[in-house]
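If you're matching them up, the sequences are chains R and W in order. In this text, residue positions in the first sequence follow our numbering: the first is 22, and each later residue adds one. In this text, residue positions in the second sequence follow our numbering: the first is 8, and each later residue adds one. The beta carbon of each residue, even a glycine, is placed where N, CA and C say it ideally should be. Structure record follows, encoded as structure tokens.
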Amino acid sequence: MTDITKTGLVTRRRVLQGASALGLGLAMTGVAAPALRAQGGRPIRFLNCETGRDTLAFFDRIKAEYEAQTGVEVVVDSVPLGEAFTKITNGIRSGTPYDIANVGFVGHVLLLADEGHIVPLNELTDPYEWGNNILFPVDGKVYWYPFDYNLSVIYYRKDLYEKHGLTVPDTWDGFVANCEATVDGRQKGCLFPIGSNGATNWMSFAFMWAEGVELFDDAWNVVLDNETMKPKAAAYLDFMERLYPTMPPGAIQADYATVLSNIVGGTIAHGPYAGRVLEAAERDNPAVAEQLDIMPYMDQSGQRKAVSHGYDGWVVLNTDNTGRAMDFMRWLTTDRLIDFLHTAPVHFQPTRLDIYDNDQWRSNPLISKYSGQIETMRRMVSDDSMLVTSIDTQGPHPDTRPGKVFEAFVMPEMLQDKLIRGLSSAEAVDRAAARMRELVG
Amino acid sequence: MTRWMLPTFLAVGAIATLVLIVGPALYAVSLSFYHMTSLTSEPVFVGLAKYADVLSRAEFWNALVNGIVYAGVSIVLQVVLGIGFALILHQPFRGRALVRGLAFLPYLLPTVIAVLTFKWMVDGSLGIVTILMDDLGLPPIYWFETESAAMWSVILISVWLWTPFVTTTFLAALQTVPSQLYEAARVDGAGPVRRFFHVTLPVLRPILTVIILLRGVWMFNKFDVIWLTTGGGPIGATEHLPILSYRTAFALFDIGAGAAIATISFLFLSLAVFLYFRAFPMEDDA
């Protein structure tokens, strides 16, 4: 036995033995996992904003799968969409950028593209046919991979329509009449948010788009208050004033969750939302789910229909890991996209038109059950007569200016000026137009 | 204690303060001299232009007034109710210890839970308050639907949440007032009201000064209650400087203007604290 009190623990022999063992271990690791060694480098950092339980489970599953297949680690951070852009920009500024990120606002995509922080994804998007108004190319370059539409459509209760002998309305007068007819005690006619929040921006203005209101002309001048648009916008405000008494108290506070719970809870006869309503109703109130159908927003005279634009997509950031991130995106958007869409089968409305005919996608039970509504939703993004627009996608081409109008809640405040402050419709439109000019110059 | 321990502790505290508080604050102030269109854009030095821009905006002055109203009314109500509750809880009665514990409960609740619970309780369709009122044949209350109602609603939540702080602090202080003073006042024929104004309040003036100061600073900077309830609406009726600063910087991405608003808010509050100390000096001149 070595007498360590004489020789000490650290001897030249022990150091050499240790170093040899370490070297052998490293060498064996290299032999055992060449893929891992070849990849080296840092993991792919993925910022996810779809926080549904099934979607989170999906990402847990595929990151393990991808690592097993390629040896490349994927780290997925999940935050609510509202926090995504701050996380993305903080990451860039702190020198630890995400490699792939979920974005839900085209203004953010354009800002990142302008500053050179994201790379074009044409190699992923070009092979497919896409729905209307979704790729937002800049000089032919597509900077994101949109994975879903979240169109705001109007849900209505078929049973209440039958009970009151109503038909699906084509005009504002018809819609107001239906909302009034379905008010019965705690049962209200409709709920369209009017507060300064994203829900109002998204859910309450498609009536105005159907009427033909535009915010900007081709040279980005604000035209909301010109002689063509102002009467239409004012008429929209008058229409909302007629709808307001058929809503439950609290429309000023209504957010996505409020509208969703009111539709699913059966307390309103009409309410705006995307496909999540059917998933939530199926889970929480199947009796109501059976009675829900959808319609687009309509104009005053029954000439035109619109739906409010909503969407989500992924961007790939310009980092030292872009090559790997692109490999992962290629895999995700080809091998695993259908699985991803199935995590919220009705809400994640496909942006790629080929998916609507994909047997794997159609095999989902909810997609089969609500095939009628889904077919309507498909027509909404493929029929050119249907207007698909929103505040942030207004203007002659994708730009950050309508994004400012969106983020400053100019349009919701126009509604509040009319419904809460009691200004005339013309005054409310004038104030909104003036505020827009302040914001976009 | 060795001769190095005290300087070491002081150094650790000073370094932590510099790194975690002074540094970020100075950085935020420095941002107000630059124009940036996003957190990642190239900053352009613009001197005091952001301050001039901010001070010329009606929304800034509206937010300043809202902040003063929100903080002022909240503090008055919190202090008056808090002292009232403290006086009640100072009296001997059965179950006092339990009631004292329960009275502190709202202060322990995370703001987000309290606010979301309140919002659900008064929800226009599904809220328990709405349904109860309907069952009683009463008309619904439009808690946030008008400009003044929204302000009163956020004040109500704030008062409910933070009155217990005043109650508890004042109650602790009450127990330090020598009972001989009350006995002497009683012998002189002073009733409960006169004893409160001529014994309790003068003795507890220093602690009250601190309570009002702390609550004032906290309420003026309070972000979460308003953000979670009204987001500053309707039509800016509850938007105060912290909300305006946040929206300007992180929604409109005018980082410089957002930082300028925060800096002006800090300067305004510093001035208010300075004047407060001039009006109510902490030292007992007597």
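Query: For W/A197, go through chain R and note every residue whose CB falls closer than 8 Å to its CB, in chain order.; Result: Residues of chain R passing the Cβ test: none, with the nearest at roughly 50 Å.
Query: Listing by chain order, which chain W residues have their CB less than 8 Å from the CB of R/R114?; Result: L46, T47
Query: Comparing the C-beta of R/A449 with each C-beta of chain W, is any distance below 8 Å?; Result: no
Query: Determine which residues of the segment 48-68 of chain W have a Cβ less than 7 Å from any Cβ of chain R, and write them out in chain order.; Result: S48
Query: R/R66: buried (16+ other C-beta within 10 angstroms of its C-beta) or exposed?; Result: buried
Query: Helix, strand or coil: which one does DSSP assign to R/F67?; Result: strand
Query: Have a look at R/T279, R/F79, R/Y318 and flag the residue whose alpha-carbon is nearest the alpha-carbon of R/L212.; Result: R/T279
Query: Any beta carbon from chain R within less than 8 Å of W/G265's own beta carbon?; Result: no
Query: Report yes if the C-beta distance between W/F177 and W/A93 is below 8 Å; otherwise report no.; Result: yes
Query: With a threshold of 16 other CB atoms inside 10 Å of the CB of W/F125, please say whether the residue is buried or exposed.; Result: buried
Query: Is R/T410 near R/Y166, with beta carbons less than 8 Å apart?; Result: no
Query: Cα separation between R/A85 and R/T117?; Result: 22 Å
Query: Which full runs of the alpha helix (DSSP H) of 4+ residues lie inside the segment 15-64 of chain W, going along the chain?; Result: 30-38, 56-62
Query: Identify the residues that DSSP records as bridge partners of R/N123: which are they?; Result: R/W335
Query: Would you please verify whether the beta carbon of W/P241 is less than 8 Å from any beta carbon of chain R?; Result: yes
Query: Buried or exposed: which applies to R/W469, given that a residue is buried once 16 or more other Cβ atoms fall within 10 Å of its Cβ?; Result: For chain R, the structure presents residues 22 to 462; residue 469 of chain R sits outside this window and is missing.
Query: Between which two residues does the alpha helix (DSSP H) holding R/A449 run?; Result: 446-461
Query: Quick one: is R/A89 buried, meaning 16 or more other Cβ sit within 10 Å of its Cβ, or exposed?; Result: exposed
Query: Which residues, taken in chain order from the segment 421-437 of chain R, show a beta carbon closer than 7 Å to some beta carbon of chain C?; Result: You won't find chain C in this structure, because its protein chains are R and W.
Query: Indicate the three-state DSSP secondary structure (helix, strand or coil) for R/G161 in the structure shown.; Result: coil
Query: So, under 8 Å CB-CB, W/P241 and R/Q437 are touching, yes? Tell me the CB distance rounded to an integer number of Å.; Result: 5 Å
Query: In the DSSP assignment, find the unbroken beta strand (DSSP E) run with R/R442 in it and report its ends.; Result: It is not in any beta strand (DSSP E) - R/R442 carries neither H nor E in the DSSP assignment.
Query: Span of the alpha helix (DSSP H) holding R/V388?; Result: The identity of residue 388 of chain R in the sequence shown is Ile, whereas the question assumes Val. Note, R/I388: alpha helix (DSSP H), 386-390.
Query: For the segment 128-143 of chain W, which residues have a CB atom closer than 9 Å to at least one CB atom of chain R, in sequence order?; Result: V129, D130, G131, S132, L133, G134, T137, I138, D141
Query: Determine the DSSP secondary structure at R/Y294, reduced to helix, strand or coil.; Result: strand
Query: Determine the contact status of W/T255 and W/I164, defining contact as a CB-CB distance below 8 Å.; Result: no
Query: Along the segment 143-169 of chain W, where does the CB come closer than 8 Å to a CB of chain R? Name the residues.; Result: P147, I148, Y149, W150, F151, E152, T153, E154, A157
Query: Which residues, in order along the segment 255-273 of chain R, keep a beta-carbon less than 7 Å from a beta-carbon of chain W?; Result: P269, P270, G271, I273
Query: Does the Cβ-Cβ distance between R/L359 and R/Q324 come in under 8 Å?; Result: It should be noted that the sequence gives Ile, not Leu, for residue 359 of chain R. Against a cut-off of 8 Å, the Cβ pair of R/Q324 and R/I359 comes out as no contact.
Query: Classify R/Y182 as helix, strand or coil using the three-state DSSP reduction.; Result: helix
Query: I want to verify the contact list: residues of chain W whose CB lies under 7 Å from the CB of R/H138, in sequence order.; Result: T47
Query: Taking C-beta pairs closer than 7 Å, name the residues in chain W that R/L132 reaches, listed in chain order.; Result: S45
Query: To which residues does DSSP link R/S99 through a beta bridge?; Result: R/N69
Query: Just list the residues that DSSP pairs R/P486 with in beta bridges.; Result: This structure does not reach residue 486 of chain R, given that chain R is present from 22 up to 462, and the question cannot be answered.
Query: By the DSSP assignment, the beta strand (DSSP E) with R/L142 in it spans what residues?; Result: First-last for R/L142: undefined, no H or E at that position.
Query: Report yes if the CB atom of W/A266 is closer than 8 Å to the CB atom of W/S39, and no otherwise.; Result: yes
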